[in-house]
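Written out below as structure tokens is the structure these notes cover.
In the numbering used here, the protein residues as written are 1128 to 1417.
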């Protein structure tokens, strides 16, 4: 895919429209091409991956119980992954870490994207269980799978935080990327706003990481039903200024003041094909250390 439009705003602030991974941007401080593994989560002294046997076993157990007649057993098993470990019918397992829960739930939601009928089945069983809790209800709402391969992101959304629609959009672009990188839903629509790859003010290694086929479109007001949008008015910014101390009017190539604490690369793209960054401003990467 060819670079259709590229307007240089500053030495490290770019507005992109249909940018391929073969563009000259791949070695800039804002966009880096590499081969990381976005599904890995570090747990203790080993890598807990979304494809690990531990995760596969837990997801297989959930899927088996979901289709079993015993709804009680399914929600009892699922309850240990509910944020806050609020019990559904028995005490949640103390051995399940937040990292474990995140990996299993991501893998479970990937399944629901491919098998949306299972989400309907799950919600029907939950409604009939008579054991609803506010924590479980809110949690199940986040598992609603996106339709048509589109994941929605809006920093100001106040719905279910499932990414399934504008009303229930993810508020965090990283959550949408985790799902897009692992599932068949490869298109992300992002409403106007500023998005940073981490909430930390010191993690310079944080980045928005894309795997093969993932496409991110910005410039939405937050109600569109097609890719017709005004990205000049609805500015969608991916920023590496995690400390929040950069002046957008200062050109980094001539003045690096306050840039040393920025992330090395705002966006990282694996050795892959068919990636698109469209209608986005990518700014304030500072690759002085990686």
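For every residue, glycine included, the Cβ atom is placed at its ideal position computed from N, Cα and C.
Item, Value
"Taking contact to mean at least 3 C-beta pairs separated by less than 8 Å, is the segment 1193–1204 in contact with the segment 1222–1233?", "no"
"Below 8 Å, how does it come out for the segment 1271–1282 and the segment 1296–1308: are there three or more Cβ pairs, yes or no?", "yes"
"Rounded to a whole number of angstroms, what is the C-alpha to C-alpha distance between residue 1366 and residue 1323?", "5 Å"
"Please state whether DSSP places residue 1314 in a helix, a strand or coil.", "strand"
"Assuming residue 1397 is part of the beta strand (DSSP E), what are its boundary residues?", "1394–1397"
"Would you kindly report the start and end of the unbroken alpha helix (DSSP H) that includes residue 1184?", "1180–1193"
"Go to residue 1240, then tell me how far its alpha helix (DSSP H) extends in each direction, as first and last residue.", "1225–1241"
"Using 8 Å as the threshold, is the segment 1325–1338 in touch with the segment 1389–1402, meaning 3 or more CB pairs across them?", "yes"
"May I have the straight-line CA-CA distance separating residue 1359 from residue 1283, to the nearest angstrom?", "19 Å"
"Give the straight-line distance between the Cα atoms of residue 1251 and residue 1307, rounded to the nearest whole angstrom.", "26 Å"
"Hey, residue 1341 and residue 1313 are a contact pair by Cβ (cut 8 Å); roughly how many whole angstroms apart?", "5 Å"
"Can you check DSSP and say which residues form a bridge with residue 1365?", "1322 and 1409"
"Please list the terminal residues of the continuous beta strand (DSSP E) segment that includes residue 1337.", "1335–1337"
"Tell me which same chain residues have a C-beta within less than 8 Å of the C-beta of residue 1328, skipping the five on either side of it?", "1369, 1370, 1371 and 1388"
"Please check the pair residue 1339 and residue 1397, which I expect to be a contact at CB under 8 Å, by giving their CB distance rounded to whole angstroms.", "7 Å"
"With DSSP as the reference, identify every bridge partner of residue 1347, one or two as the case may be.", "1318"
"Is it the case that the Cβ atoms of residue 1347 and residue 1316 are separated by a distance below 9 Å?", "yes"
"For residue 1280, which beta-bridge partners are listed by DSSP?", "1297 and 1317"
"Using a Cβ-Cβ cut-off of 6 Å (strictly less than) and excluding sequence neighbours within five positions of residue 1373, which residues of its own chain qualify?", "1385 and 1411"
"Residue 1190 and residue 1238 - do their beta-carbons sit closer together than 9 Å?", "yes"
"Quick one: what does DSSP say residue 1270 is sitting in, helix, strand or coil?", "coil"
"Based on Cα-Cα distance, which residue from 1198, 1240 and 1234 lies nearest to residue 1181?", "1234"
"Taking only the alpha-carbon atoms, compute the straight-line gap between residue 1354 and residue 1362 and give it to the nearest angstrom.", "15 Å"
"Nearest CA to the CA of residue 1292: which residue from 1375, 1350 and 1246?", "1350"
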